[in-house]
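K.L.:
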Amino acid sequence: MALFGFEKDTLLDLTVNVIPLGILFFFIVAFAAFPAFGTDPVFSGMQFALIISMFLLLAVLTYYAGKAVENAEKENGEPGHED
1 MALFGFEKDT
11 LLDLTVNVIP
21 LGILFFFIVA
31 FAAFPAFGTD
41 PVFSGMQFAL
51 IISMFLLLAV
61 LTYYAGKAVE
71 NAEKENGEPG
81 HED
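Numbering (the UniProt record's numbering), first residue to last: 1 to 83.
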């Protein structure tokens, strides 16, 4: 089974980044539904810019980390990764 092009073992390695992505997503939704700091466009814009940029950067980092792990496993000849 390959999800997003990753094998099962690689997906298990990437769960350490999926959990913080879930936490960031929760706060994005929570602050959109219940604005804790008011509705000032400047402060809300900065708040969402920070949270969303961290979410996107971590998602990109997770994807490239997964690709690096899979490439390293293929180069080392790990079982289950035949070409």
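C-beta atoms are modelled at their ideal positions from N, C-alpha and C, and glycine is treated no differently.
State the Cα-Cα distance for the pair Y63 and N17, rounded to the nearest angstrom.
P.N.:
Counted from its first residue, the sequence shown places residue 63 at position 63. Counted from its first residue, the sequence shown places residue 17 at position 17. Approximately 10 angstroms, taken between the alpha carbons.
K.L.:
Could you say if the segment 22 to 41 and the segment 66 to 79 meet the contact criterion of at least three C-beta pairs nearer than 8 angstroms?
P.N.:
Too few Cβ pairs lie closer than 8 angstroms, so no.
K.L.:
Which same chain residues, not among the five before or five after T10, have their C-beta less than 8 angstroms away from its C-beta?
P.N.:
Indexing the sequence shown from 1 puts residue 10 at position 10. G66, V69, E70, E73, listed in sequence order.
K.L.:
Considering only the alpha carbon of each residue, which of F55, F43, F37 lies closest to I28?
P.N.:
For the purposes of this step, residue 28 is identified with residue 28 of the sequence shown, where counting begins at 1. Measuring from the Cα of I28, the nearest candidate turns out to be F55.
K.L.:
Can you look up F6 in the DSSP assignment and give me helix, strand or coil?
P.N.:
Reading the sequence shown from its first residue, position 6 is the one you call residue 6. If DSSP states are grouped into helix, strand and coil, F6 belongs with the strands.
K.L.:
Could you give the first and the last residue of the continuous alpha helix (DSSP H) run that contains A49?
P.N.:
For the purposes of this step, residue 49 is identified with residue 49 of the sequence shown, where counting begins at 1. From DSSP, the alpha helix (DSSP H) with A49 extends over 41 to 75.
K.L.:
If I measure Cβ to Cβ from P20 and keep anything under 7 angstroms in the same chain, skipping five residues before and after, which residues do I get?
P.N.:
As a first step, residue 20 is located in the sequence shown; it is residue number 20 there, counting from the start. Closer than 7 angstroms at the Cβ level, and outside the excluded window around P20, lie L58.
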